[in-house]
Each structure stands twice: as structure tokens, then as C-alpha cells.
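So the structure is just underneath, and the comments pick up after that.
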Ligand SMILES: Nc1ncnc2c1ncn2[C@@H]1O[C@H](COP(=O)(O)OP(=O)(O)OP(=O)(O)O)[C@@H](O)[C@H]1O
Ligand SMILES: [Mg+2]
């Protein structure tokens with residue numbers, strides 16, 4: 057398919073005797089928001105970890121933007137244009153909003169720690185450039201938080217922390233963004249607000265493909281174009297939100313079989 061951005065074929069990930077992912081084939085189109093849903097332990101996060109290079113798959117292939125990136129390192133996958141947030145927050149709470157966003161900016165930094173010490177002018181130029189871009193991206197997401205760029209993260213509420221993680225993932229201008237349960241620890245209304253902000257980010261959202269792992273089905277309904285349902289590491293169903301919730305196999309996986 058010409059507008060396919062990511063194509064995974066036969067992805068399998070074994071941890072000892074456990075098949076966390078089994079013969080998983082799925083694709084993501086350019087500009088699409090794809091929802092990944094499924095019961096706890098069904099392999100959703102493992103899928104992100106395999107595609108983003110944290111785990112090498114037992115077998116299968118990952119083609120991204122026409123290139124075979126199977127088993128490449130997390131850094132290489134990131135450089136190809138896949139960025140992500142994590143199920144458990146990975147912010148440095150004692151650092152500022154700006155410092156946390158800049159952790160995602162290392163792809164653009166030309167110099168290492170030692171050379172920065174000996175060349176202050178070049179360091180200052182890269183710092184100013186980073187600050188400009190961090191301000192731009194945070195303003196596009198949430199202008200109020202952009203005014204708190206030097207606040208310490210531990211003083212901010214959960215929704216702002218999620219915003220920072222998303223800006224950190226987007227500052228490298230990825231083509232594909234993986235969001236692993238952005239709703240965790242937030243109310244439904246906050247989650248909806250956050251997803252709306254992401255989808256309304258103007259040039260940052262234009263053409264961006266998003267894969268969203270989410271248990272909150274109202275969010276899936278509101279923001280996804282298509283969904284893939286995982287169960288025991290396999291693809292149980294694929295379709296629109298309405299098709300997913302109407303499918304008997306999906307209902308059984310979530311709710312269990314009705315006792316006669
Ligand atoms: N590094 C690992 N070593 C061993 N087993 C693992 C590892 N990572 C994941 N698993 C197992 O693989 C299975 C799938 O886990 P995964 O985290 O992908 O599920 P999930 O769909 O993201 O679940 P949740 O909705 O609870 O986040 C689980 O049984 C889990 O215990
Ligand atoms: Mg998970």
C-alpha cells in the first residue's frame with residue numbers, strides 16, 4: 057500500500073516459554089491514528105518495545121518508510137523517525153520542563169560534553185536553538201505550560217507532566233509517535249483534552265501517524281481512525297471503533313464468556 061508508513065509482518069517475541077507477541081502482522085498508514093486495545097498482558101507494550109528496538113524480535117520484520125529496521129538499536133529507530141512515550145512516566149522530576157524536553161533533542165546536538173566545555177559559543181548557539189524549538193512546540197501544544205518552561209516538574213500536575221513527555225517525544229519531529237496509555241493517572245476529561253491538544257498541534261500534527269495504546273474506550277472512539285485488538289499476543293480483530301465494539305470475539309476477550 058503506497059500510504060503505508062509502518063509494516064510489521066509475523067512479529068513474534070518469546071520471553072522464555074512465554075509468547076508475548078505471536079505472528080503479529082499490522083500496518084500503519086501515513087497520517088493515521090491507530091488504536092491498540094486488548095486486555096492486560098496481551099502484548100501491546102511489547103509491540104512498542106520490539107518496533108522501537110528495545111527487544112529484538114524472535115522472528116518477523118519491521119519495515120518503516122520503505123526501510124527494513126528490524127532489530128535496529130533504539131537510537132537508530134529514533135533517528136529513522138519513530139518516537140514514543142512510556143507507560144510509566146520517565147521524567148526527571150527535579151529538573152525543569154525545558155531540561156526534560158531537551159533530553160529528547162539529542163539527535164540535533166552536534167557536540168558532546170567535553171567539546172561543549174571548550175567551546176562556549178557553539179554550546180550557547182545550540183542552547184538558544186533548543187530553547188526556541190522547545191518553546192515553539194510547547195506553545196503549539198499548550199501555551200500556558202510554555203510560560204512555565206523553567207518550573208521544576210515535581211511542582212506540576214499529571215496532565216502537564218504528560219504534556220512534557222509528549223513534547224519531548226515530538227521535538228525530534230518524528231513521522232510516527234507511539235503513546236503508551238497516556239490516560240494513566242488522569243481523568244477521562246483530562247485524557248480527552250490532551251488528545252485534542254495533540255491532534256490540534258498544527259504543523260507538528262500534520263502528517264504525523266500516531267499509535268495509541270489505551271484502555272479508555274471513549275478516547276479510542278473519539279480519536280482513532282482504526283483499531284487493532286490484541287489478545288494473548290495475537291491479533292484478535294481489526295476495524296473501526298464501531299466494528300470493534302460490535303465484535304463477539306472482542307466482547308468475549310474483555311468480558312469473558314457468558315455462563316450458560
Ligand atoms: N521483559 C520481559 N520479560 C518477561 N516477560 C515479559 C517482559 N515484558 C513483557 N513480558 C510479558 O509479556 C506479556 C505481555 O506484556 P505487555 O507488557 O506487552 O502487555 P500489555 O498488553 O502492554 O499489558 P498492560 O495493558 O497491562 O500494559 C505479559 O505476560 C508480560 O508479563
Ligand atoms: Mg502495557
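Numbering (the numbering used here), first residue to last: 57 to 316. The C-beta atom is built at its ideal place from N, Cα and C for all residues, glycine as well.
Residue 256 is bridged by DSSP to nothing; it lacks a bridge partner. The segment 214–229 makes contact with the segment 144–154: 3 or more CB pairs, one atom from each, lie closer than 8 Å. As summarised for the segment 122–186, the continuous beta strand (DSSP E) elements at least 3 residues long and confined to that stretch are 138–140, given in chain order.
In the structure shown, the three-state DSSP call for residue 103 is helix. The DSSP-derived three-state label of residue 291 is strand. Per the DSSP secondary-structure output, residue 266 pairs in a beta bridge with 89 and 233. Inter-residue distance for residue 127 and residue 223 is about 26 Å (C-alpha atoms, whole angstroms).
Separation of residue 265 and residue 176 (C-alpha to C-alpha, rounded to the nearest whole angstrom) is 38 Å. Any heavy atom of ligand 1 counts here; residues with a Cβ closer than 5 Å to one of them, in chain order, are 71, 76, 96, 97, 98, 99, 100, 101 and 102. Residue pairing from DSSP places residue 283 in a beta bridge opposite 91 and 295.
The beta-carbon distance between residue 191 and residue 116, rounded to whole angstroms, is 41 Å. This is too long to meet the 8 Å contact definition. According to the DSSP assignment, residue 69 belongs to the beta strand (DSSP E) that extends over 60–71. Residues 80, 81, 82, 284 and 285 of the same chain have their beta carbon placed closer than 8 Å to that of residue 291, with the five preceding and five following residues left out of the count.
Counting other Cβ atoms within 10 Å of its Cβ, residue 184 stays below 16 and is therefore classed as exposed.
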